[in-house]
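Visitor:
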Amino acid sequence: MAKLITKEQTARQQSFIMKLKEENMRYAAQNGHSRLALTETYGCQQNENDTERIRGMLKEAGFEFTSDTNAADIVIYNTCAVRENAEQKVFGRLGILKHIKENRRDMIIGVCGCMVQQEHITEKIKRVHEHVDLVFGTHALYKMPELLYKAMHEKKTVVDIEQSDGAIAEDIPMLRDDSNKAWVSVMYGCNNFCSYCIVPYVRGRERSRTPDAVLREVRELAAKGCTEISLLGQNVNSYGKDLDTETDFSDLIRMVNDIDGVERIRFMTSHPKDLSDKLIHTIAECDKVCKQLHLPFQAGSDNILRQMNRKYTKAEYLEKIEKVKKEIPNISLSTDVIVGFPTETNEDFEETLDVLRKVEFDNIFSFIYSRREGTPAAKLDFVLTDDEIHKNFNRLLEVQNEISKRKNDAYVGRVERVLVDGVSKTDENVLSGRCDSSKIVNFKGDKSLIGKYINVKITESHTWSLNGEVMED
Ligand code: SAH
Ligand code: SF4
Ligand code: F3S
Numbered sequence: 154m155a156k157l158i159t160k161e162q163t164a165r166q167q168s169f170i171m172k173l174k175e176e177n178m179r180y181a182a183q184n185g186h187s188r189l190a191l192t193e194t195y196g197c198q199q200n201e202n203d204t205e206r207i208r209g210m211l212k213e214a215g216f217e218f219t220s221d222t223n224a225a226d227i228v229i230y231n232t233c234a235v236r237e238n239a240e241q242k243v244f245g246r247l248g249i250l251k252h253i254k255e256n257r258r259d260m261i262i263g264v265c266g267c268m269v270q271q272e273h274i275t276e277k278i279k280r281v282h283e284h285v286d287l288v289f290g291t292h293a294l295y296k297m298p299e300l301l302y303k304a305m306h307e308k309k310t311v312v313d314i315e316q317s318d319g320a321i322a323e324d325i326p327m328l329r330d331d332s333n334k335a336w337v338s339v340m341y342g343c344n345n346f347c348s349y350c351i352v353p354y355v356r357g358r359e360r361s362r363t364p365d366a367v368l369r370e371v372r373e374l375a376a377k378g379c380t381e382i383s384l385l386g387q388n389v390n391s392y393g394k395d396l397d398t399e400t401d402f403s404d405l406i407r408m409v410n411d412i413d414g415v416e417r418i419r420f421m422t423s424h425p426k427d428l429s430d431k432l433i434h435t436i437a438e439c440d441k442v443c444k445q446l447h448l449p450f451q452a453g454s455d456n457i458l459r460q461m462n463r464k465y466t467k468a469e470y471l472e473k474i475e476k477v478k479k480e481i482p483n484i485s486l487s488t489d490v491i492v493g494f495p496t497e498t499n500e501d502f503e504e505t506l507d508v509l510r511k512v513e514f515d516n517i518f519s520f521i522y523s524r525r526e527g528t529p530a531a532k533l534d535f536v537l538t539d540d541e542i543h544k545n546f547n548r549l550l551e552v553q554n555e556i557s558k559r560k561n562d563a564y565v566g567r568v569e570r571v572l573v574d575g576v577s578k579t580d581e582n583v584l585s586g587r588c589d590s591s592k593i594v595n596f597k598g599d600k601s602l603i604g605k606y607i608n609v610k611i612t613e614s615h616t617w618s619l620n621g622e623v624m625e626d
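Position 49 of the sequence shown, counting from 1, maps to 202 under our numbering, and the rest follow consecutively.
As structure tokens, then:
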């Protein structure tokens with residue numbers, strides 16, 4: 154069982170929330186407006202979920218929110234370390250903040266999350282970005298109230314990047330953006346140590362929340378009218394392995410499926426090695442579970458898969474996919490792919506294309522390999538040049554775009570149940586939502602439909618989205 158953050162520690166943080174709140178109320182009374190906070194999130198859904206906790210704590214502490222950096226009294230970047238460009242973006246932002254802070258001495262700048270859990274990054278921030286007031290890693294998230302209080306009262310940078318296998322903090326307040334859909338983290342950390350990946354180093358070991366804690370959260374969400382639940386974990390399908398109970402991920406899904414008010418269940422990310430027959434049956438049998446599976450394969454060549462430490466072969470992966478397709482005929486499939494792992498040759502890359510052609514994913518998330526300091530793959534020499542890797546990457550996109558378009562074409566004429574998210578990003582007269590398989594559907598409709606499930610007839614397909622018409626009841 155994972156270590157839980159103690160009640161005393163939680164109460165201690167609550168006391169700092171109250172101290173901050175008193176100060177913020179005094180500030181608001183004197184200035185006629187509240188102190189404003191800005192949060193920015195990089196990386197995966199788990200990080201988004203962490204930011205909801207950060208915002209929850211800030212709200213309870215009396216802050217209000219802004220998206221204007223120039224107006225913010227406190228800025229917190231919740232960072233990602235998975236690829237270099239995510240880190241560069243944050244350093245770029247910190248550079249800009251330096252100028253803003255020159256005229257606004259009281260501004261508090263905080264950087265937290267995966268990136269700063271790496272010591273070399275925190276050292277760089279202390280060296281190059283002295284204007285940063287607060288740095289805390291993934292294991293210190295629950296301590297934010299205390300750390301922030303310190304940062305606001307001490308003149309030196311407050312840092313907490315304690316290394317840890319990780320504990321679980323329950324009962325942190327959460328401020329969610331969307332009232333119809335929610336992320337629920339069911340486990341944290343990763344034990345897989347894929348040779349290219351930094352996540353296990355910055356997120357600690359796999360640890361599952363108890364079924365009780367997860368179900369309580371989902372029940373509370375459902376009671377508030379939230380109908381779509383996405384269960385999150387870096388390896389969500391190894392949920393429960395560390396628990397004293399027998400409950401595994403399939404059992405957990407069934408329990409969530411039984412909760413009144415929940416309409417849709419999604420989950421991510423699954424590791425192919427832990428995709429059991431039981432889970433496949435559970436997806437097939439549970440009516441609320443969306444018929445959609447995100448199953449990263451990363452590379453098609455057995456040699457590269459071995460060097461990546463992925464623990465399956467191309468044939469084993471394809472076999473699992475065949476089983477999934479057989480048991481769940483209309484399943485929508487997606488995956489993650491890395492192009493340009495150091496030892497990957499052009500022949501190896503052909504195997505990746507072969508997997509795309511054989512599986513025919515609905516869509517893929519593709520990445521060019523990024524060297525991560527401290528991981529085993531960082532020591533390997535590259536076989537291909539940057540140019541060759543980029544050429545392969547573009548070929549990958551070409552092959553997949555054709556498949557994605559073809560998959561979307563098959564939706565034309567179908568009627569899909571869509572949860573309406575809001576106004577389309579590209580046209581304010583158009584609404585946008587997602588169908589069961591998570592494809593984006595755009596259609597004309599009244600704003601009163603937001604948050605509702607409606608039937609939409611698909612009339613047109615693009616590579617990334619579908620267009621449709623609302624069906625009258
Ligand atoms: N736990 C999940 C997701 C981890 S990060 C999983 O295993 O599927 C999301 C994706 O980022 C990974 O699936 C992988 O495709 C990609 N990724 C991870 N490390 C990377 C690196 N060093 N360079 C490029 N892409 C990487
Ligand atoms: Fe990274 Fe592999 Fe763990 Fe996914 S399973 S988080 S890719 S180490
Ligand atoms: Fe990035 Fe951390 Fe998620 S490294 S992908 S934010 S777990």
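By construction, the Cβ of each residue, glycine as well, lies at the ideal position given by its N, Cα and C atoms.
#1: Among Gly586, His615, Ser614 and Phe289, which has the Cα closest to the Cα of Asn608?
#2: Between the Cα of Cys443 and the Cα atoms of Leu189, Glu201 and Lys592, which residue gives the shortest distance?
#3: Excluding the five sequence neighbours on either side, which residues of its own chain have a C-beta within less than 6 Å of the C-beta of Ala375, listed in chain order?
#4: Which residues have their C-beta within less than 6 Å of a heavy atom of ligand 2, listed in chain order?
#5: Identify whether Tyr230 lies in helix, strand or coil by the three-state DSSP scheme.
#6: Mind checking whether Tyr151 and Glu497 have CB atoms under 9 Å apart?
#7: Relative to the C-alpha of Ser423, which residue among His434, Arg246 and Phe402 is closest?
#8: May I ask you to list the residues that DSSP assigns as paired with Gly621?
#9: Can you grab the Cα-Cα spacing for the pair Asp318 / Phe494, in whole Å?
#10: Can you tell me which of the three DSSP states Lys334 falls into?
#11: Phe218 and Leu191: beta carbons closer than 9 Å?
#12: Taking DSSP as the reference, what is the three-state secondary structure of Val583?
#13: Since Lys156 contacts Ala320 with CB under 8 Å, what's their CB separation in whole angstroms?
#14: What first and last residue would you give for the beta strand (DSSP E) that runs through Asp574?
#15: Pick out the complete beta strand (DSSP E) segments inside the stretch 484-531, 3 residues or longer, and give them in chain order.
#16: Under a three-way DSSP split, which group does Arg419 fall into?
#17: Whole angstroms are fine: how far does the CA of Gln183 sit from the CA of Arg360?
#18: Please confirm if the stretch 338-356 is in contact with the stretch 383-391, defined as three or more CB-CB distances below 8 Å between the two stretches.
#19: Following a CB-centred definition, is Cys443 positioned closer than 8 Å to any heavy atom of ligand 3?
#20: Measuring alpha carbon to alpha carbon, tell me which of Ala225, Gly598, Met327 and Arg570 ends up nearest Asn582.
#21: Mind the definition here: the stretch 501-516 touches the stretch 322-329 only if three or more C-beta pairs lie below 8 Å; say whether that holds.
#22: In this structure, what does DSSP give as the bridge partners for Asp313?
#23: Confirm the yes/no value for this check: CB of Cys267, any heavy atom of ligand 5, distance under 8 Å.
#24: By a C-beta neighbour count over all protein chains shown, 10 Å radius and 16 as the cutoff for buried, is Ala224 buried or exposed?
#25: Alpha carbons only, please: which of Leu572, Leu471, Gly263 and Lys277 is nearest the one belonging to Ala304?
#26: Taking a contact to mean a Cβ-Cβ separation below 9 Å, would you say Cys267 touches Ala234 in this structure?
#27: When you compare only the Cα positions, how much space is there between Val565 and Ser487?
#28: Find the nearest neighbour of Arg127 within the set His292, Thr380 and Glu381, judged by alpha-carbon distance.
#29: Residues in the same chain with beta-carbon distance under 7 Å from Gly209, minus the five sequence neighbours each way, listed in chain order, please.
#30: For the alpha helix (DSSP H) holding Leu602, just list the boundary residues, first then last.
#31: From the DSSP output, read off the bridge partner residues of Ala190.
#32: If you follow the alpha helix (DSSP H) that Ile412 is in, where does it begin and where does it stop?
#33: With C-beta atoms as the reference, is Ile627 less than 9 Å away from Gly527?
#34: Can the beta-carbon of Ile227 be found less than 9 Å from the beta-carbon of Arg188?
#35: Is Val235 near ligand 3, with its Cβ less than 8 Å from a heavy atom?
#36: Under a three-way DSSP split, which group does Gly248 fall into?
Guide: On the basis of the supplied data:
#1: In the sequence shown, the residue the question calls residue 608 occupies position 455. Nearest C-alpha to Asn608: Gly586.
#2: Along the sequence shown, read from residue 1 onward, the residue named residue 443 stands at position 290. The residue with the shortest Cα to Cα distance from Cys443 is Lys592.
#3: As a position in the sequence shown, residue 375 is number 222, starting the count at 1. Cβ neighbours of Ala375 beyond the five flanking positions: Ile412, Gly414 and Val415.
#4: Counting every residue whose Cβ lies closer than 6 Å to a heavy atom of ligand 2, we get Cys343, Asn345, Phe346, Cys347, Cys350, Val352, Pro353, Gln387, Asn388 and His424.
#5: For the purposes of this step, residue 230 is taken as the residue at position 77 of the sequence shown. The answer is strand: DSSP assigns Tyr230 an E or B state.
#6: Only positions 154 to 626 of the chain appear in this structure, which leaves residue 151 out of reach.
#7: Counting from one through the sequence shown, the residue named residue 423 turns up at place 270. Residue nearest to Ser423 within the set His434, Arg246 and Phe402 is Phe402 (criterion: CA-CA distance).
#8: Mapped onto the sequence shown, residue 621 falls at position 468. Phe596 and Ile611, per the DSSP bridge assignment.
#9: Counting from 1 along the sequence shown, the entry for residue 318 is found at position 165. Counting from 1 along the sequence shown, the entry for residue 494 is found at position 341. One C-alpha to the other measures close to 28 Å.
#10: Residue numbering aside, residue 334 sits at position 181 when the sequence shown is read from its first letter. Residue state, collapsed to three classes: strand.
#11: By one-based count along the sequence shown, residue 218 stands at place 65. By one-based count along the sequence shown, residue 191 stands at place 38. Cβ atoms of Phe218 and Leu191: closer than 9 Å.
#12: Position 430 of the sequence shown, counted from the start, is the residue given in the question as residue 583. The answer is strand: DSSP assigns Val583 an E or B state.
#13: The residue labelled residue 156 in the question sits at position 3 within the sequence shown. The residue labelled residue 320 in the question sits at position 167 within the sequence shown. Confirmed, about 4 Å.
#14: Walking along the sequence shown from the start, residue 574 turns up at place 421. From DSSP, the beta strand (DSSP E) with Asp574 extends over Val568 to Val576.
#15: 485-492 and 516-521
#16: Within the sequence shown, numbered from 1, the residue matching residue 419 stands at position 266. In this structure, Arg419 counts as strand in the three-state DSSP scheme.
#17: Position 207 of the sequence shown holds residue 360. Position 30 of the sequence shown holds residue 183. Their backbone Cα atoms lie some 45 Å apart in a straight line.
#18: yes
#19: On the sequence shown, position 290 is the one that residue 443 refers to. Distance from the C-beta of Cys443 to the nearest heavy atom of ligand 3 is not below 8 Å.
#20: As a working mapping, residue 582 is identified with position 429 in the sequence shown. Checking every option, the nearest Cα to that of Asn582 belongs to Gly598.
#21: no
#22: Position 160 of the sequence shown holds residue 313. Answer by DSSP bridge pairing, in chain order: Phe289.
#23: Of the ligands one can find in the structure shown, namely ligand 1, ligand 2 and ligand 3, none is ligand 5.
#24: Translated into positions along the sequence shown, residue 224 becomes position 71. Ala224 is exposed by the Cβ-count criterion.
#25: Start at 1 with the first residue of the sequence shown, and residue 304 comes out as number 151. Comparing Cα positions, the closest option is Gly263.
#26: Along the sequence shown, read from residue 1 onward, the residue named residue 267 stands at position 114. Along the sequence shown, read from residue 1 onward, the residue named residue 234 stands at position 81. Contact flag set, yes.
#27: The residue given as residue 565 occupies position 412 in the sequence shown. The residue given as residue 487 occupies position 334 in the sequence shown. Taking the straight line joining both Cα atoms gives about 20 Å.
#28: One cannot answer for residue 127 here, as it falls past the ends of the chain, which runs 154 to 626.
#29: On the sequence shown, residue 209 is found 56 positions in, with the first residue counted as 1. Answer for Gly209: Ile325, Pro326, Met327 and Leu328, listed in chain order.
#30: Counted from its first residue, the sequence shown places residue 602 at position 449. It is not in any alpha helix (DSSP H) - Leu602 carries neither H nor E in the DSSP assignment.
#31: Counting from one through the sequence shown, the residue named residue 190 turns up at place 37. The partner list for Ala190 (beta bridge, DSSP) reads Phe218 and Ile227.
#32: Here residue 412 is taken as the residue at index 259 of the sequence shown, counted from 1. No alpha helix (DSSP H) contains Ile412, which DSSP labels as neither H nor E.
#33: Residue coverage of the chain in this structure runs from 154 to 626, which leaves residue 627 outside it and unanswerable.
#34: The sequence position of residue 227 within the sequence shown is 74, counting from 1. The sequence position of residue 188 within the sequence shown is 35, counting from 1. Yes, the Cβ-Cβ distance between Ile227 and Arg188 is below 9 Å.
#35: Position 82 of the sequence shown, counted from the first residue, corresponds to residue 235. Checking every heavy atom of ligand 3 against the Cβ of Val235, one is found closer than 8 Å.
#36: Looking up residue 248 in the sequence shown gives position 95. Here Gly248 sits in helix by DSSP.
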